[in-house]
Ligand code: 3H9
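Below is the structure:
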């Protein structure tokens with residue numbers, strides 16, 4: 003018996019407990035331990051039935067994801083879980099699986115090979131493999147439709163979304179919800195069924211439906227996958243595998259599933275998504291901020307500025323249960339800000355995201371104000387006023403005066419120097435950047451910008467706060483544009499250069515959408531407002547070294563008042579529903595401006611468009627990494643996945659470059675350098691790693707993020 007699994011007894015009921023913290027993953031040793039326990043139970047005449055339960059906070063959260071990397075890098079693979087699950091299902095003594103926390107992936111597959119399943123009401127079950135670019139690989143696609151029906155199984159395996167105990171009961175995935183103590187309830191249940199023949203899930207064919215009904219389930223699922231999970235292999239494979247369950251005997255279906263599982267496991271998509279899974283967890287680990295750093299309790303907050311960002315941030319705080327003061331300078335702006343918040347909440351209620359009562363509660367947590375009254379008691383202030391250093395300094399000076407000692411003063415600036423802002427206060431240790439992304443109440447990313455003087459407690463508190471707010475907080479250093487926008491500059495620059503050189507607006511956007519991005523760079527510009535970049539360009543133009551090529555089309559569009567969606571015209575023209583259409587006027591203008599600039603246009607391939615845009619991100623990312631403004635390449639990936647619509651199945655820009663191979667990326671960047679000059683000089687880190695045959699993922703810094 004391994005020490006990951008224990009076997010005990012409650013008179014005639016055996017209890018198998020899995021103890022593999024933190025989530026009882028099916029790591030090597032766990033299946034073996036359960037298997038050995040089953041052997042002993044079979045031989046023990048005093049045992050009538052067995053309960054299988056997880057120790058600690060959860061049942062089994064799935065296969066051990068760390069093992070997949072070993073398997074794809076050539077480690078010999080055992081027989082998989084399927085034979086062991088067959089053995090459990092063939093046990094003549096009923097096995098009752100008792101679920102709390104989550105039974106996910108291999109955990110649910112394990113549970114379905116038991117004869118009965120009981121769960122506490124807070125438990126969840128699911129087949130989330132698709133989120134890792136996989137399909138269930140231990141007969142989940144064969145047993146789930148037999149319990150839940152074909153349509154539900156397709157939905158669960160395709161989306162990866164879990165279902166709660168109550169729904170699981172309704173669909174027959176579990177047999178009973180246990181009120182009170184789970185183990186005691188499961189033992190009682192076991193005694194009820196001990197004398198009955200143990201039902202085997204794999205022999206239950208009554209929910210497998212008929213050919214006509216199933217055909218329409220599968221075809222509509224494939225249509226949805228093509229639309230909503232564009233380019234992803236796993237959702238389609240999951241549908242195929244469930245279809246096999248309806249057409250083949252169980253054993254053959256399992257073999258079919260196994261083949262698809264292995265195809266998915268070895269795909270770049272799965273490797274990338276697994277990288278994302280671990281990176282999302284790694285991001286909160288900061289070398290010089292220990293886990294036990296004391297946190298500052300954030301019970302109340304204030305936001306300065308009720309514009310798009312300020313209003314969104316106030317909603318985020320209110321949604322997390324934190325009462326918030328929302329300050330503006332004049333009544334009109336305050337009313338406008340509040341009206342937007344109300345309409346956002348009304349939309350959420352209309353879309354069924356939450357109830358009217360929940361919306362009212364959230365709205366009631368936001369107190370609009372025109373003064374700093376009440377600021378003296380709040381624990382955190384987030385400033386979201388117009389982007390200008392003089393104004394920010396003025397606001398921070400005032401906040402420093404009115405806020406209590408120990409209150410955190412955060413700025414939502416997207417470009418300005420946090421140290422300079424902090425210097426206008428008497429408490430730079432309590433000043434930090436919290437850069438939300440628009441719309442703040444929707445986008446998951448939160449860049450947390452560390453100033454030179456920011457204290458570890460303030461950083462740890464903001465990292466924790468990001469979780470409370472449902473955001474992914476990434477700690478970054480204080481450089482211009484921080485990480486995300488600093489990289490986005492060269493990306494958008496290349497999109498514009500490509501237009502100037504002859505690519506059409508639609509071709510540029512389409513190439514990046516085909517790559518997997520949520521939107522193309524020009525459509526994003528229109529959405530965010532072209533005037534933002536235009537104003538920043540004007541402010542910083544004097545810092546550009548002379549002789550460096552400057553993009554001009556976007557600035558010219560702004561000079562004509564074409565700011566994007568908000569003015570009904572930018573790169574595209576928009577109708578009153580904000581639907582985009584190509585605008586021949588813009589094509590004509592571009593031809594004129596380009597001719598005036600003496601640029602000779604040419605045919606540009608989709609491959610060149612993606613390489614130039616994506617490698618512009620990568621080259622700047624490499625500089626950021628080497629300069630230490632991001633802790634890890636994977637932190638940069640997390641920023642791009644959560645704030646910029648980069649496709650998760652590509653793993654993020656830095657991971658993507660690693661998968662292409664840095665030697666190849668470096669050669670292409672060098673080629674662009676020769677063609678386009680200084681702006682494409684390869685980052686020293688890219689050059690070095692390419693020459694050493696290494697990856698960004700292998701590059702590590704010990705010192706912590708640069709400030
Ligand atoms: C699968 O099952 C394939 C099968 O079909 C069989 C094929 C043969 N493995 O998320 P947390 C770690 S595929 C290894 O912060 P929470 C995680 O990295 C799998 N490690 O906690 C973290 O480590 P650290 C299908 C895992 O409470 C720690 O546990 N299953 C695994 O916020 C805590 O995790 C899934 O996809 C794992 N399976 O959320 C479920 N799971 O502390 C994946 C977690 O060192 N897991 N870790 O950073 C989850 O969704 C969440 O972890 C869960 C808990 C909801 C369970």
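Numbering (our numbering), first residue to last: 3 to 709. From the three backbone atoms N, C-alpha and C, an ideal C-beta is built for every residue, glycine too.
Length-filtered (4 minimum) alpha helix (DSSP H) runs lying within the stretch 74-132 = Segments of the alpha helix (DSSP H) lying fully in the stretch 74-132: 84-91, 108-115.
Is any heavy atom of ligand 1 found at a distance shorter than 8 Å from the C-beta of residue 634?
-> Your numbering for residue 634 matches position 632 in the chain shown. Because no heavy atom of ligand 1 lies under 8 Å away, the Cβ of residue 634 does not count as near it: no.
Just reading off the alpha helix (DSSP H) that residue 675 is part of, what are its end residues?
-> Within the chain shown, residue 675 is the residue found at index 673, counting from 1. 664-678 is the extent of the alpha helix (DSSP H) around residue 675.
Just to confirm, does residue 224 get its C-beta within under 8 Å of one of the non-hydrogen atoms of ligand 1?
-> Position 222 of the chain shown, counted from the first residue, corresponds to residue 224. Answer for residue 224: no, Cβ out of range of ligand 1.
Beta-carbon gap between residue 111 and residue 63 smaller than 9 Å | Within the chain shown, the letter at position 109 stands for residue 111. Within the chain shown, the letter at position 61 stands for residue 63. Cβ atoms of residue 111 and residue 63: not closer than 9 Å.
Tell me whether residue 576 sits in a helix, a strand or coil according to DSSP, three-state version.
-> Against the chain shown, residue 576 aligns to sequence position 574. Here residue 576 sits in strand by DSSP.
Measure the Cβ-Cβ separation of residue 137 and residue 243 and say whether it is below 9 Å.
-> Taking the first residue of the chain shown as position 1, residue 137 is located at position 135. Taking the first residue of the chain shown as position 1, residue 243 is located at position 241. Against a cut-off of 9 Å, the Cβ pair of residue 243 and residue 137 comes out as a contact.
Just the C-alpha distance for residue 222 and residue 464, rounded to the nearest angstrom, thanks.
-> Position 220 of the chain shown, counted from the first residue, corresponds to residue 222. Position 462 of the chain shown, counted from the first residue, corresponds to residue 464. If you take the alpha carbons of residue 222 and residue 464, they lie about 44 Å apart.
Anyone know if the C-beta pair for residue 410 and residue 452 falls short of 9 Å?
-> Here residue 410 corresponds to residue number 408 of the chain shown, with the count starting at 1. Here residue 452 corresponds to residue number 450 of the chain shown, with the count starting at 1. No, the Cβ-Cβ distance between residue 410 and residue 452 is not below 9 Å.
For residue 433, which three-state DSSP category applies?
-> The residue labelled residue 433 in the question sits at position 431 within the chain shown. It is a strand residue.
Roughly how many angstroms separate the alpha carbons of residue 315 and residue 359, rounded to a whole number?
-> The residue you call residue 315 lines up with position 313 of the chain shown. The residue you call residue 359 lines up with position 357 of the chain shown. For residue 315 and residue 359, the gap between their C-alpha atoms comes out near 21 Å.
Distance, residue 334 Cα to residue 403 Cα = Position 401 of the chain shown, counting from 1, holds the residue named residue 403. Position 332 of the chain shown, counting from 1, holds the residue named residue 334. Distance between the alpha carbons of residue 403 and residue 334: 26 Å.
For residue 542, count neighbouring C-beta atoms within 10 Å of its own C-beta (all shown protein chains included) and say buried if the count is 16 or more, exposed if not.
-> Position 540 of the chain shown, counted from the start, is the residue given in the question as residue 542. Looking at its Cβ environment, which holds fewer than 16 other Cβ atoms inside 10 Å, residue 542 is exposed.
How is residue 136 classed by DSSP in three states: helix, strand or coil?
-> Within the chain shown, residue 136 is the residue found at index 134, counting from 1. In the structure shown, residue 136 sits in coil (DSSP, three-state: anything other than H, G, I, E or B).
Where does residue 569 sit, in a helix, a strand or coil, going by DSSP?
-> Locating residue 569 in the chain shown gives position 567, counting from the first residue. Under the three-state reduction of DSSP, residue 569 is assigned to helix.
Quick one: using the 10 Å Cβ neighbour count with 16 as the cut-off for buried, is residue 218 buried or exposed?
-> Position 216 of the chain shown holds residue 218. Result: exposed.
Using the Cα positions of residue 673 and residue 413, report the straight-line distance between them to the nearest angstrom.
-> The sequence position of residue 673 within the chain shown is 671, counting from 1. The sequence position of residue 413 within the chain shown is 411, counting from 1. The straight-line gap from Cα to Cα measures roughly 40 Å.
Determine, using beta carbons only, whether residue 150 and residue 158 come nearer to each other than 9 Å.
-> The sequence position of residue 150 within the chain shown is 148, counting from 1. The sequence position of residue 158 within the chain shown is 156, counting from 1. Yes, the pair counts as a contact, with Cβ atoms nearer than the cut-off.
Under a three-way DSSP split, which group does residue 388 fall into?
-> For the purposes of this step, residue 388 is taken as residue 386 along the chain shown, with counting starting at 1. Here residue 388 carries a coil assignment [DSSP, helix/strand/coil].
Please go through the same chain and pick out, in chain order, the residues whose beta-carbon is closer than 6 Å to the beta-carbon of residue 37, but skip the five residues on each side of it.
-> By one-based count along the chain shown, residue 37 stands at place 35. Excluding positions up to five away in sequence, the list reads 86.
Go through its chain and collect everything with a Cβ distance to residue 299's Cβ below 6 Å, but skip five positions before and after it.
-> Taking the chain shown and counting its residues from 1, one reaches residue 299 at position 297. Closer than 6 Å at the Cβ level, and outside the excluded window around residue 299, lies no residue.
The beta strand (DSSP E) with residue 333 in it runs from where to where?
-> Here the question's residue 333 lines up with position 331 in the chain shown. For residue 333, there is no enclosing beta strand (DSSP E); the enclosing alpha helix (DSSP H) covers residues 333-352.
Buried/exposed call for residue 144, threshold 16 Cβ in 10 Å | Here residue 144 corresponds to residue number 142 of the chain shown, with the count starting at 1. That one is buried.
Residue environment, residue 388, which counts as buried when at least 16 other CB atoms sit within 10 Å = Translated into the one-based positions of the chain shown, residue 388 becomes position 386. Around the C-beta of residue 388, fewer than 16 other C-beta atoms lie within 10 Å, and the residue is accordingly described as exposed.
Applying the criterion that 16 or more other CB atoms from any shown protein chain within 10 Å of the CB defines a buried residue, is residue 126 buried or exposed?
-> As a first step, residue 126 must be located in the chain shown, where it is residue number 124. Buried is the call here.
With 16 other CB atoms within 10 Å as the buried threshold, where does residue 257 fall?
-> Looking up residue 257 in the chain shown gives position 255. Exposed.
Are three or more beta carbon pairs between the stretch 418-434 and the stretch 622-633 nearer than 8 Å?
-> Judged by Cβ distances under 8 Å, the stretch 418-434 makes no contact with the stretch 622-633, as fewer than three pairs qualify.
Is the closest heavy atom of ligand 1 to the C-beta of residue 67 under 8 Å?
-> For the purposes of this step, residue 67 is taken as the residue at position 65 of the chain shown. Yes, since a heavy atom of ligand 1 falls inside the 8 Å radius drawn around the Cβ of residue 67.
Extent of the continuous alpha helix (DSSP H) run through residue 242 = On the chain shown, position 240 is the one that residue 242 refers to. Per DSSP, residue 242 belongs to the alpha helix (DSSP H) from 235-249.
Return the chain-ordered list of same chain residues with a C-beta closer than 7 Å to the C-beta of residue 504, the five sequence neighbours on each side being excluded.
-> Taking the first residue of the chain shown as position 1, residue 504 is located at position 502. Once the five neighbours on either side are set aside, the close Cβ partners of residue 504 are 603, 604, 605, 606.
Coil, strand or helix - residue 562 by DSSP = As a working note, residue 562 is residue 560 in the chain shown. Residue 562 falls in the coil class under three-state DSSP.
Apart from the five residues on each side of it in sequence, which residues of its chain come closer than 8 Å, Cβ to Cβ, to residue 350?
-> Along the chain shown, read from residue 1 onward, the residue named residue 350 stands at position 348. 356, 361, listed in sequence order.
In chain order, which beta strand (DSSP E) runs of at least 3 residues are fully inside the stretch 567-639?
-> With a minimum length of 3 residues, no continuous beta strand (DSSP E) run stays inside the stretch 567-639.
Alpha-carbon spacing of residue 104 relative to residue 124, whole angstroms | Position 102 of the chain shown, counting from 1, holds the residue named residue 104. Position 122 of the chain shown, counting from 1, holds the residue named residue 124. For residue 104 and residue 124, the distance between alpha carbons rounds to 9 Å.
Check whether the Cβ of residue 470 sits closer than 8 Å to any heavy atom of ligand 1, and report yes or no.
-> Stepping through the chain shown from its first residue, residue 470 is reached at position 468. Answer for residue 470: no, Cβ out of range of ligand 1.
Would you give the residue range spanned by the alpha helix (DSSP H) that residue 472 belongs to?
-> As a position in the chain shown, residue 472 is number 470, starting the count at 1. Secondary structure note for residue 472: it is in no alpha helix (DSSP H), with a DSSP letter that is neither H nor E.
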